[in-house]
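Read the sequence shown against this note's numbering and you will find it ends at 459, with the numbers running on by one and no gaps.
Note sheet for the following structure.
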Amino acid sequence: MHLIWFRNDVRLTDNPALSAAVKKANQKHCPLLALFIRCPEQDKMHHRARSQCNFLDAHIVDLVKRLKQLNIQSLVRTVPTYAEVPALMNELLESHKIKAVFFNKEYLVNEQKRDQAVMEVIEQNKVQPCVSEPAYLLPPQSVEKQTGGMYHVFTPYKRQFIEQLKAQYQAPLAMPDKVDSHYTHPLESKDLKSDWAHDWWPVGEQVARKRLSEFIEHARYQQQRDYPATDGTSKLSPYLALGIISPRQCLAQALKVHGESAFNSTWVSELIWREFYHDLIAFYPRLVKHQTFKEDAMDDWQYDEHIVTAWKNGQTGFPIIDAGMRQLQQEHWMHNRVRMLVASFFTKLCLHDWRIGERHFLEQLVDGDFASNNGGWQWSSATGCDAAPYFRIFNPTTQSKKFDEDGEYIRHYVPELKDLSAKDIHNPNEEQRQSCDYPEPIIDYKQAREQALDWFKSG
1 MHLIWFRNDV
11 RLTDNPALSA
21 AVKKANQKHC
31 PLLALFIRCP
41 EQDKMHHRAR
51 SQCNFLDAHI
61 VDLVKRLKQL
71 NIQSLVRTVP
81 TYAEVPALMN
91 ELLESHKIKA
101 VFFNKEYLVN
111 EQKRDQAVME
121 VIEQNKVQPC
131 VSEPAYLLPP
141 QSVEKQTGGM
151 YHVFTPYKRQ
161 FIEQLKAQYQ
171 APLAMPDKVD
181 SHYTHPLESK
191 DLKSDWAHDW
201 WPVGEQVARK
211 RLSEFIEHAR
221 YQQQRDYPAT
231 DGTSKLSPYL
241 ALGIISPRQC
251 LAQALKVHGE
261 SAFNSTWVSE
271 LIWREFYHDL
281 IAFYPRLVKH
291 QTFKEDAMDD
301 WQYDEHIVTA
311 WKNGQTGFPI
321 IDAGMRQLQQ
331 EHWMHNRVRM
341 LVASFFTKLC
351 LHDWRIGERH
361 FLEQLVDGDF
371 ASNNGGWQWS
381 SATGCDAAPY
391 FRIFNPTTQS
401 KKFDEDGEYI
411 RHYVPELKDL
421 SAKDIHNPNE
431 EQRQSCDYPE
441 PIIDYKQARE
451 QALDWFKSG
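If you want it as C-alpha cells, here you go:
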C-alpha cells in the first residue's frame, strides 16, 4: 500500500506527487490511498478565512469523488493543529501497512516544521518518503543574483526568471492513469460534508480550468485589469491559492493561445510577481514572523480604534475605499487595484500598522495566500521588498475618478450613493452625505498626506 498526502494541491492534473504515486503504485502492483488532514485550530492560528476553509472543504469533497474514478480510496482526518499530525501519520502507517508516502513540498515555516516531524515518523517506520517539488513555474530559490541571494528588485528578477523559465520549461502533467490495484479493505468513514454555494466561486478543478481557458481566449487583461467595475481579471486567485489549479497550467494555456509572446504579457508578469513573493518567503523565513523586509523600516504606527473599525466596515467616508471593503465582506475577494488603494489608505494616510490590514485580509479572503498577501501589504506600506516608495500615496478620490469614472463600482457596493451623479459620487458634499446617510471622511486627505510624508521622512 502506498499513500498520497494531499495538502495545498487539491487537484488531479499537474500534481507531481500524485503522478509519481500512481506510477509507483502500478509498477509495484499495489493499491494507493489518498490522505487529507484538516487542522481547524491551526487554521485559526494562521488567521485563515472561514470562507477559504469552507471552499477547501468543498474541493476535498469533490476530489474524493473523483479519486474513486482512479481506483483511489480516501481518508479524511481532522486533528486540531500541525503538532498532532505526526502521531496521526504514525497511526496510519502502522494500521494500513504503508510502504511509501508521497507529497509535494511546502515552503512556509510552520508547514516545514510539520513536515520535518512527519519525515522522522516516516523514517522510524522504515517507510519510503517521496517528496516532489510543487508545480510552481520555477521551484522557489531557483532565481538568484550572480553574487548569490535573492533579487530585491522585481524587474531584474523577472528578466532572469523568464530566461530560466524558457530554458527549463515543463509542460503541466496530465491526469494520471487509473491505479491497477483496488483497495478492498473497508475504511472508517469520516468524510467531510460541504454546503458551499457561492456563484462567484463555483467548486471544481474542471471549473477552474474552464475559467482559465475562457479568460485566456477572450480577456483584454492589460487594458481592463485596473477597472474594478469591469470583469477584466481572471478570478482564478482562489483556485491558485488552494492548488486547485497550478501556475504551470496557467502559463501553458497562455502559451497555447498566444505563443511565445505570452512570456512578456502583463498577466504572466502577475504570475511571476506571485512567485517573487513566494521566493521571498523561502529566502527570508522571518517574513512569516510579522517582521518587515526592510529592517530599518518605520514601525511606530498610530492606532485609533475608530479608524480601524470604520476601515474594516467600509465606513471611511471615501466611496472607493468603502466599496472595496464592502466587496471584501460580501464576496471574500477584492479587485486588485482596489486592494492597493485600501492598503495605501490604511497604512500611508491613516498611518496604521500594515500587520492589522494583512491579518484582516487573511481573515476575510477566499484567495488568501500568505506570501502574496504579506508581500502586497509590505509593498503598500513601504516596508517591503521593491515596495512603493513612501512618497507614493494614492489619492482615493483621484484614483476613483480615474478607474471608476462613472461610479459603477461604487454604486454596486455603496448603494446609498447610487442616485448621485458620476461627478458627485466620488466625493459627495456634506449635504449629499447627510441625505444619503453616508459618513463624513474619517481623515482630511491633504492634512493626512502631509503628516504621512513628515512621518516617513523623520525615519
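For glycine and all other residues, C-beta sits at the position ideal for the given N, C-alpha and C.
- Going by beta carbons, P31 and A25 fall inside the 8 Å limit.
- For F283, the enclosing alpha helix (DSSP H) starts and ends at T266 to F283.
- Buried is the label assigned to H332, since at least 16 other Cβ atoms lie within 10 Å of its Cβ.
- Nearest C-alpha to H335 among N264, T309 and I410: I410.
- By the Cβ criterion, the region 307–325 is not in contact with the region 193–212, since fewer than three pairs of Cβ atoms, one from each stretch, lie closer than 8 Å.
- Boundaries of the alpha helix (DSSP H) harbouring Q451: Y445 to S458, taken from the DSSP string.
- Three or more pairs of CB atoms, one per stretch, sit closer than 8 Å, so the region 266–284 contacts the region 148–156.
- In the DSSP assignment, F154 falls outside any beta strand (DSSP E) and within the unbroken alpha helix (DSSP H) covering F154 to A167.
- Collapsing the DSSP output to three states places C130 in a strand.
- By the CB criterion at 8 Å, L341 and Y445 fall outside the cutoff.
- Under the DSSP assignment, R7 falls outside any alpha helix (DSSP H); it carries neither an H nor an E label.
- The Cβ-Cβ distance between Q378 and W354 falls below 8 Å.
- Judged by DSSP in its simplified three-state form, L32 adopts strand.
- The beta-carbon separation of F456 and Y390, rounded to 4 Å, stays under the 8 Å limit for a contact.
- Burial is judged here by how many other beta carbons sit within 10 angstroms of a residue's own beta carbon; H426 has at least 16 and is buried.
- Counting only runs of 3 or more residues that sit fully inside the region 55–83, the beta strand (DSSP E) segments are 73–78, in chain order.
- By the Cβ rule, the region 423–439 counts as touching the region 310–328, because three or more pairs are nearer than 8 Å.
- For F370, the uninterrupted alpha helix (DSSP H) segment begins and ends at F370 to S380.
- In this structure, D404 and P228 form a Cβ contact; the two beta carbons are roughly 6 Å apart against a cut-off of 8 Å.
- By the neighbour-count definition (other C-beta atoms within 10 Å, threshold 16), T398 is an exposed residue.
- In the same chain as V121, and ignoring 5 residues on each side of it, the C-beta atoms closer than 6 Å to its own belong to P86, M89 and N90, in chain order.
- The C-beta distance from S19 to L173 rounds to 5 Å, short enough to fall under 8 Å.
- Counting C-beta pairs closer than 8 Å gives three or more between the region 379–386 and the region 292–302, which meets the contact rule.
- Within the DSSP bridge table, the entry for Q291 names no partner.
- The region 100–107 makes contact with the region 130–143; the number of CB pairs closer than 8 Å reaches 3 or more.
- Comparing alpha carbon positions, the residue from Y239, H47, Q116 and R38 closest to I356 is H47.
- According to the DSSP secondary-structure assignment, N427 is paired through a beta bridge with no residue.
- Secondary structure at I410: helix, using DSSP grouped into helix, strand and coil.
- Across the structure, C250 and I244 are spaced so that their CA atoms are roughly 12 Å apart.
- M325 is classed as buried because its beta carbon has at least 16 other beta carbons within 10 Å across all chains shown.
- Under DSSP, the beta-bridge partners assigned to A100 are H2 and Q128.
- Secondary structure note for P441: it is in no alpha helix (DSSP H), with a DSSP letter that is neither H nor E.
- S181 and K97 have their C-alpha atoms spaced approximately 15 Å apart.
- The beta carbons of M1 and L33 sit about 6 Å from each other, so the pair counts as a contact at 8 Å.
- A282 places its beta carbon less than 8 Å from that of Q141.
- The continuous alpha helix (DSSP H) containing A310 extends over residues E305 to K312.
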